[in-house]
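The listed protein sequences correspond, in order, to chains U and E.
Going by full-length UniProt numbering, the first residue of the first sequence is number 1, and it counts up by one from there.
Going by full-length UniProt numbering, the first residue of the second sequence is number 1, and it counts up by one from there.
Only one structure is covered here, and it is reproduced in the block below.
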Amino acid sequence: MSWVTAFLGWLAEFFGDGANWTGSDGIPARLLEHLEFSALALALAVLVAVPLGLAIGHTGRGGMLVVVAANLARALPTLGLLVMFVLLLGASSIWPVIIPLVLLAVPPILVNTYEGIKGVDPELRDAAYGMGLRGGQVLGRVLVPVALPLILLGCRLSAIQVVATTTVAAYTGLGGLGRYVIDGFATKDYASVVGGSVLIVLFALFVQAVFALVQRVTVSPGVSRRLNIR
Amino acid sequence: MITFDAVTKRYPDGTVAVDDLSFEAPTGEITVLVGPSGCGKTTSLRMINRMIDASEGRILLDGVPVQGIDPPTLRRGIGYVIQQAGLFPHRKIVDNIATVPYLLGWDRKKARTRAMELLERVGLDPALAGRYPFQLSGGQQQRVGVARALAADPPVLLMDEPFSAVDPIVRTSLQDELLRLQSELNKTIVFVTHDIDEAIKLGDQVAVLRVGGRLAQLADPKTLLAEPADDFVREFLGHDRGIRRLQFVSTEGLRLRTDLTVPEGSEGGSPEPWLLVVDGDGRPVGWRAAARPGELEPYGTFVRGRDSMRAALDAALLSPSGCSVAVDEQGKVVGVATREALDEALAEAVHG
């Protein structure tokens with residue numbers, strides 16, 4: 001059981017050190033950085049992928065684009081992409097890191113939004129048009145609410161991926177929680193490695209929780225089939 | 001009135017779904033389009049609200065060609081009921097029903113009041129208003145589908161196999177409900193089905209279509225059963241066409257015997273082999289055979305004047321006595337139709 005003791009020891013050392021809680025490389029600052037990078041990349045990806053997925057799913061035109069994007073996403077090496085952008089654009093701003101993060105985050109959202117809209121029961125679409133809804137109303141008032149669980153799933157998958165990749169991005173000199181792990185390894189400061197890893201895990205769980213909450217609030221009980229409604 | 005004027009639907013690959021179709025669906029009546037799969041009945045229906053556009057010919061709504069009307073505007077003025085109800089799963093029942101009123105810009109409160117009124121009108125508990133579609137049975141969902149179609153009080157109702165996905169018992173009650181509603185509302189209804197029994201039960205007139213989208217016969221149900229236009233129609237009507245014709249023969253003139261009923265508890269001899277025992281309120285209890293006076297045998301009833309000869313015959317077949325019990329609307333016995341009486345009436349039906 002010595003490794004448990006060692007693990008706890010490192011944790012105590014990391015979180016117990018008052019110096020780790022203040023300054024530009026303190027835990028609050030690093031957390032905030034991590035949140036900023038992740039949120040910015042995810043927001044940009046959502047802005048690109050959701051409207052595109054809605055348009056393609058609703059009109060049925062451009063489905064190939066989605067397939068290509070999905071395959072590309074599986075094939076792209078995350079770290080390679082990061083390094084390439086940093087080498088190409090330099091490390092003077094955050095954009096060399098944000099751009100590849102956005103590129104990684106787009107496909108899951110695009111694919112799930114597209115599939116969600118396309119997968120809505122044709123009878124429902126038919127009924128909506130038959131009632132006299134116009135194209136945009138069919139999309140906004142029927143297809144999106146019904147496909148929302150899948151759209152949110154895509155966003156959640158991307159968010160997890162972005163949070164994880166932001167960690168790796170520390171390798172290129174970016175801030176964020178990854179710094180503790182990368183720098184810790186470089187200086188054989190295992191307390192920093194262990195403490196940073198735990199923070200990253202907690203952060204990922206927090207992101208999951210946020211999405212669960214968003215889902216709960218935005219998806220109609222009639223779609224999620226949650227029982228005990230009133 | 002809906003008028004089909006030489007309407008043809010041809011797809012780009014050359015398939016003809018509807019071929020030179022002309023007929024009229026009169027105002028305030030139910031016109032049923034019936035035929036095998038591939039006869040173009042659903043296509044014909046969907047051309048009325050422009051879910052599909054006709055290739056040739058015109059469809060007129062009270063004299064106005066529908067092709068000239070913007071489809072969403074046209075559809076908001078026409079009720080539309082489809083097979084799986086197609087309710088919006090994310091909306092509560094009350095908001096589903098109010099879909100078209102909301103689209104038409106009605107005030108929210110007015111739309112909801114109207115929806116509640118319709119919920120009751122189609123025979124549903126108002127407590128269902130706050131539920132979601134997945135919490136309702138198939139039959140209930142279909143009733144909501146009808147209520148939704150009626151919400152903005154459109155003069156025309158299109159129904160595309162609305163009752164074919166529910167079990168036979170629910171289907172019968174939905175059909176009866178539709179007929180009851182129609183007797184109050186007098187909508188112009190076009191109803192599509194592949195079930196000839198449903199067509200005959202619901203239709204004021206029935207249009208039988210053959211594969212390839214051509215009209216085989218347009219007639220009222222009675223005429224259709226009595227005089228099918230050709231072998232296709234005859235075959236489509238099925239082998240028990242004769243029995244079904246009895247649905248249109250009234251029991252009004254059926255000769256009834258009133259001397260075959262005895263009050264409960266009475267005993268004593270009678271030359272009749274069967275006597276009908278009735279309770280103090282005049283309702284039937286069972287048949288008593290002269291040979292086994294201690295036992296009561298089952299009976300079958302029909303409402304005199306309201307039910308058809310088919311029901312009267314059916315009631316007779318349900319009882320070992322071979323007689324059918326005529327009751328009034330309250331269920332009280334008004335007489336007994338013996339085999340001889342039924343036989344006379346059947347002979348009359350065949351000749352008349």
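No residue lacks a Cβ here, since even glycine has one placed at the ideal position from N, Cα and C.
Note that the coordinates shown come from a computational prediction; the quantities given were computed from them, not determined experimentally.
Extent of the continuous alpha helix (DSSP H) to which residue i belongs
i                      : result
residue 113 of chain E : 108-121
residue 114 of chain U : 95-118
residue 159 of chain E : Looking at the DSSP string, residue 159 of chain E is not in any alpha helix (DSSP H); the run it does join, the beta strand (DSSP E), is 156-160.
residue 24 of chain E  : Premise fails: residue 24 of chain E lies in the beta strand (DSSP E), 16-25, not in any alpha helix (DSSP H).
residue 27 of chain U  : 27-59
residue 36 of chain E  : Neither: residue 36 of chain E is in no alpha helix (DSSP H) and is coded neither H nor E.
residue 90 of chain U  : That residue, residue 90 of chain U, is in no alpha helix (DSSP H); it is neither H nor E in DSSP.
residue 188 of chain E : Residue 188 of chain E -> not in any alpha helix (DSSP H); beta strand (DSSP E) instead, spanning 188-193.
residue 172 of chain E : 168-185
residue 261 of chain E : First-last for residue 261 of chain E: 261-263, but that is the beta strand (DSSP E), not the alpha helix (DSSP H).
residue 6 of chain U   : 2-16
Limits of the unbroken beta strand (DSSP E) element including residue i
i                      : result
residue 4 of chain E   : 2-10
residue 59 of chain E  : 56-61
residue 183 of chain U : Careful: residue 183 of chain U lies outside any beta strand (DSSP E), inside the alpha helix (DSSP H) at 178-186.
residue 83 of chain E  : Neither: residue 83 of chain E is in no beta strand (DSSP E) and is coded neither H nor E.
residue 218 of chain E : 214-219
residue 205 of chain E : 205-210
residue 324 of chain E : 324-327
residue 275 of chain E : 274-278
residue 302 of chain E : 301-303
Sequence-distant residues of the same chain with beta carbon closer than 8 Å to residue i, five excluded per side
i                      : result
residue 229 of chain U : Confidence at residue 229 of chain U is low in this model, with a pLDDT of 44, below 50, so its placement is unreliable and no value can be given for it.
residue 197 of chain E : 244
residue 224 of chain E : 200, 206, 208, 217, 233 and 237
residue 195 of chain E : 34 and 164
residue 181 of chain U : 167, 170, 192, 193, 196, 197 and 200
Same chain, Cβ closer than 6 Å to residue i, five either side skipped, listed in chain order
i                      : result
residue 232 of chain E : 210 and 216
residue 78 of chain U  : 165
residue 328 of chain E : 334
residue 27 of chain E  : 1 and 188
residue 69 of chain U  : 107 and 110
Residue environment, residue i, which counts as buried when at least 16 other CB atoms sit within 10 Å
i                      : result
residue 58 of chain U  : buried
residue 44 of chain E  : buried
residue 200 of chain U : buried
residue 101 of chain E : buried
residue 46 of chain U  : buried
residue 186 of chain E : exposed
residue 159 of chain E : buried
residue 193 of chain E : buried
residue 221 of chain E : buried
residue 126 of chain U : buried
residue 109 of chain E : exposed
residue 50 of chain U  : buried
residue 127 of chain E : exposed
Option in the options with minimal Cα separation from residue i
i                      : options                       : result
residue 77 of chain E  : E:93, E:35, E:95 and E:49     : E:49
residue 189 of chain E : E:195, E:162, E:108 and E:173 : E:162
residue 253 of chain E : E:289, E:305 and E:205        : E:305
residue 97 of chain E  : E:82, E:114, E:104 and E:83   : E:114
residue 34 of chain U  : U:108, U:147 and U:161        : U:161
residue 12 of chain U  : U:188, U:198 and U:206        : U:198
residue 322 of chain E : E:303, E:289 and E:92         : E:289
residue 309 of chain E : E:349, E:281 and E:284        : E:349
residue 39 of chain E  : E:246, E:212, E:65 and E:25   : E:212
residue 299 of chain E : E:64, E:331 and E:271         : E:331
residue 73 of chain U  : U:51, U:53, U:48 and U:104    : U:104
residue 31 of chain E  : E:227, E:126 and E:4          : E:4
residue 54 of chain E  : E:169, E:16, E:230 and E:26   : E:16
residue 176 of chain U : U:14, U:16 and U:37           : U:37
residue 151 of chain E : E:127, E:57, E:80 and E:91    : E:80
residue 285 of chain E : E:291, E:265, E:273 and E:272 : E:265
residue 111 of chain E : E:124, E:125 and E:94         : E:94
Spatial neighbours of residue i in its chain, beta-carbon cut-off 7 Å, leaving aside the 5 residues before and after
i                      : result
residue 62 of chain U  : 56
residue 62 of chain E  : 1
residue 342 of chain E : 312, 313, 316 and 324
Residue i CB to nearest heavy atom of the ligand COA below 7 Å
i                      : result
residue 161 of chain U : Inclusion of the ligand COA in the displayed structure is not the case, the ligand content being empty and no account of it being possible.
**OP:** State whether the stretch 139-158 of chain U contacts the stretch 96-114 of chain U, with contact taken as three or more CB pairs (one from each stretch) at a distance under 8 Å.
**Re:** yes
Original post:
Is it true that the stretch 336-344 of chain E meets the stretch 255-263 of chain E, where meeting means three or more beta-carbon pairs spaced less than 8 Å apart?
Top reply: Put simply, the stretch 336-344 of chain E touches the stretch 255-263 of chain E. At least three CB pairs are less than 8 Å apart.
Subject >> Inter-stretch contact at 8 Å, needing at least 3 Cβ pairs: the stretch 16-29 of chain E / the stretch 137-152 of chain E >> reply: By the Cβ criterion, the stretch 16-29 of chain E is not in contact with the stretch 137-152 of chain E, since fewer than three pairs of Cβ atoms, one from each stretch, lie closer than 8 Å.
Original post:
For the stretch 80-92 of chain E against the stretch 129-136 of chain E, are there 3 or more C-beta pairs whose distance is under 8 Å?
Top reply: yes
Original post:
Can you find at least 3 beta carbon pairs, one from the stretch 107-121 of chain E and one from the stretch 142-156 of chain E, that sit closer than 8 Å?
Top reply: yes
**OP:** Taking 8 Å as the threshold, find out whether the stretch 69-76 of chain E comes into contact with the stretch 129-142 of chain U through three or more Cβ pairs.
**Re:** Segment contact: the stretch 69-76 of chain E against the stretch 129-142 of chain U, three or more CB-CB distances shorter than 8 Å; contact assigned.
Original post:
Between the stretch 117-129 of chain U and the stretch 17-25 of chain U, do at least 3 Cβ pairs fall closer than 8 Å?
Top reply: no
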